[in-house]
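Asker: Last residue of the sequence shown: 312 in our numbering, with the numbers rising by one and none dropped. Using N, Cα and C, we set each Cβ at its ideal position, and we do this for glycine too. Questions regarding the structure given below will be posed in turn.
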Amino acid sequence: MTTTMQRGTRRKNAPNVLTYVALFLISFIIVVPLLWMLLTSFKTDFDAINSPASPLPDPFTSEAYVTLATGNLPILQWFLNSVIAATAQTVIILVTASAAAYALARLEFHGKKIVFGLIIATLLVPGVIFLIPNYLIVDSFGWLDTLWAIIVPGSAGAFGVFFLRQFFIGLPGEIEEAARVDGAGDFRIFWQIILPLSRPALATLAVLSFLTNWNDFIWPIYVLLSPESLTLQPGLSVLQGTYSTHFGIVMAGAVIASVPVLILFTLAQKQIVESVASSGVKG
């Protein structure tokens, strides 16, 4: 009897062990390049290209970060520009997408399905097609070489509307009906009930929107003309051209670009997991 129970327990634990092993391998594959990048940023140029390569800096030096902070390239300004642009666009996306998604998910009006279909259809169009039209629009507003050029054009994307709409549909309608019985209007229900219940989805969309703007490379090159106006991603391309043989400096720039992303994921990971666990594609 005991032997049979032990065999059953081993069979149940076997999938768990395989899962943990798979997760460990995936984590190892993801973490090792990041760790190598971090350690390389503290190496001298000779140590960075030395063969065989050593993972630990010898000697340990912060010269790369000092060079970036005191050099001719305004990397701190690029960093600030990226933070401002990504944060501003994320806030606008949350406002516009949540309002549109609430109307499409919880309100009734003529042509709602057609409007939603048109919004979804824009997801099928490659983004590169909008480069020239968006450039002409930005130029007509006089926004070239300003942060407005990389904040406004992507602030009303279809993905955010679709993502939040699917989440709003999954929320219980009884709470909304009870609020209407108590005399609450559409805006009050949206502001005091729907949005608080949707914090996981809003946090997930905020992270995705921030990363999209933060990692954008092609569009800023077209609309940001002066070196001081660049964001971090196109700025790092200049860094690679200027310090192409200084791997420590290049890796230091990559570390600076990665730190905000890692912090954002760390702070929002709980909300992201809750959003994935509680939402489904409905409607």
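In whole angstroms, what is the alpha-carbon distance linking residue 149 and residue 194?
Answerer: For this step, residue 149 is matched to residue 120 along the sequence shown. For this step, residue 194 is matched to residue 165 along the sequence shown. So the alpha carbons of these two residues sit roughly 11 Å apart.
Asker: To the nearest angstrom, how far is the alpha carbon of residue 56 from that of residue 261?
Answerer: Along the sequence shown, read from residue 1 onward, the residue named residue 56 stands at position 27. Along the sequence shown, read from residue 1 onward, the residue named residue 261 stands at position 232. Their Cα atoms are separated by approximately 27 Å.
Asker: Measuring straight from C-alpha to C-alpha, what distance separates residue 58 and residue 286?
Answerer: Locating residue 58 in the sequence shown gives position 29, where the first residue counts as 1. Locating residue 286 in the sequence shown gives position 257, where the first residue counts as 1. When rounded, the distance between both Cα atoms is 20 Å.
Asker: Buried or exposed: residue 98, going by 16 or more other Cβ atoms within 10 Å of its Cβ?
Answerer: Translated into positions along the sequence shown, residue 98 becomes position 69. That one is exposed.
Asker: Which residues mark the beginning and the end of the alpha helix (DSSP H) in which residue 238 is found?
Answerer: On the sequence shown, position 209 is the one that residue 238 refers to. Residue 238 -> alpha helix (DSSP H) spans 228–243.
Asker: With a threshold of 7 Å on Cβ separation, who are the neighbours of residue 123 within its own chain once the five nearest residues in sequence on each side are excluded?
Answerer: The residue labelled residue 123 in the question sits at position 94 within the sequence shown. 231, 234 and 235.
Asker: Pick out whichever of 291, 173, 278 and 54 has its Cα sitting closest to the Cα of residue 91.
Answerer: Taking the first residue of the sequence shown as 1, we reach residue 91 at position 62. With distances taken between Cα atoms, residue 91 lies closest to 278.
Asker: So, are the CB atoms of residue 130 and residue 188 less than 8 Å apart?
Answerer: As a working note, residue 130 is residue 101 in the sequence shown. As a working note, residue 188 is residue 159 in the sequence shown. No. Outside cutoff.
Asker: Roughly how many angstroms lie between the CA atoms of residue 146 and residue 139, to the nearest whole one?
Answerer: Residue numbering aside, residue 146 sits at position 117 when the sequence shown is read from its first letter. Residue numbering aside, residue 139 sits at position 110 when the sequence shown is read from its first letter. Roughly 13 Å between the two C-alpha positions.
Asker: Report yes or no: do the stretch 164–182 and the stretch 252–268 share at least 3 C-beta pairs separated by less than 8 Å?
Answerer: Verdict: yes, contact present.
Asker: Taking only the alpha-carbon atoms, compute the straight-line gap between residue 276 and residue 152 and give it to the nearest angstrom.
Answerer: On the sequence shown, position 247 is the one that residue 276 refers to. On the sequence shown, position 123 is the one that residue 152 refers to. Whole-angstrom Cα-Cα distance: 38 Å.
Asker: Looking at the unbroken alpha helix (DSSP H) that takes in residue 92, where does it start and where does it end?
Answerer: Start at 1 with the first residue of the sequence shown, and residue 92 comes out as number 63. Element bounds for residue 92: 92–99.
Asker: Which term fits residue 207, buried or exposed, when burial requires 16 or more other beta carbons within 10 angstroms of its beta carbon?
Answerer: To locate residue 207, count along the sequence shown from 1; it is residue 178. By the 10 Å Cβ count, residue 207 comes out exposed.
Asker: Return the residue from the list 239, 303 and 265 that minimises the CA-CA distance to residue 291.
Answerer: By one-based count along the sequence shown, residue 291 stands at place 262. Checking every option, the nearest Cα to that of residue 291 belongs to 239.
Asker: For a test of the three-state rule: what should DSSP assign to residue 111, helix, strand or coil?
Answerer: Against the sequence shown, residue 111 aligns to sequence position 82. Three-state DSSP puts residue 111 in a helix.
Asker: If you draw a straight line from the C-alpha of residue 135 to the C-alpha of residue 218, how long is it?
Answerer: Position 106 of the sequence shown, counting from 1, holds the residue named residue 135. Position 189 of the sequence shown, counting from 1, holds the residue named residue 218. In a straight line, the C-alpha of residue 135 is about 10 Å away from that of residue 218.
Asker: Considering just the uninterrupted stretch of the alpha helix (DSSP H) at residue 189, what are its terminal residues?
Answerer: Counted from its first residue, the sequence shown places residue 189 at position 160. Residues 187–198.
Asker: So for residue 50, helix, strand or coil by DSSP?
Answerer: Here residue 50 is taken as the residue at index 21 of the sequence shown, counted from 1. Residue state, collapsed to three classes: helix.
Asker: Keeping to the same chain, check which residues put their C-beta closer than 8 Å to that of residue 68; ignore five residues upstream and five downstream.
Answerer: Residue numbering aside, residue 68 sits at position 39 when the sequence shown is read from its first letter. Taken in chain order, the residues that qualify are 84, 85 and 86.
Asker: Could you check if residue 311 is buried or exposed, using at least 16 other CB atoms within 10 Å of its CB as the buried criterion?
Answerer: Position 282 of the sequence shown, counting from 1, holds the residue named residue 311. With a pLDDT of only 45 at residue 311, under 50, the local geometry of the prediction cannot be trusted, and no value is derived from it.
Asker: What is the rounded straight-line gap between the Cα of residue 249 and the Cα of residue 160?
Answerer: Mapped onto the sequence shown, residue 249 falls at position 220. Mapped onto the sequence shown, residue 160 falls at position 131. Their backbone Cα atoms lie some 11 Å apart in a straight line.
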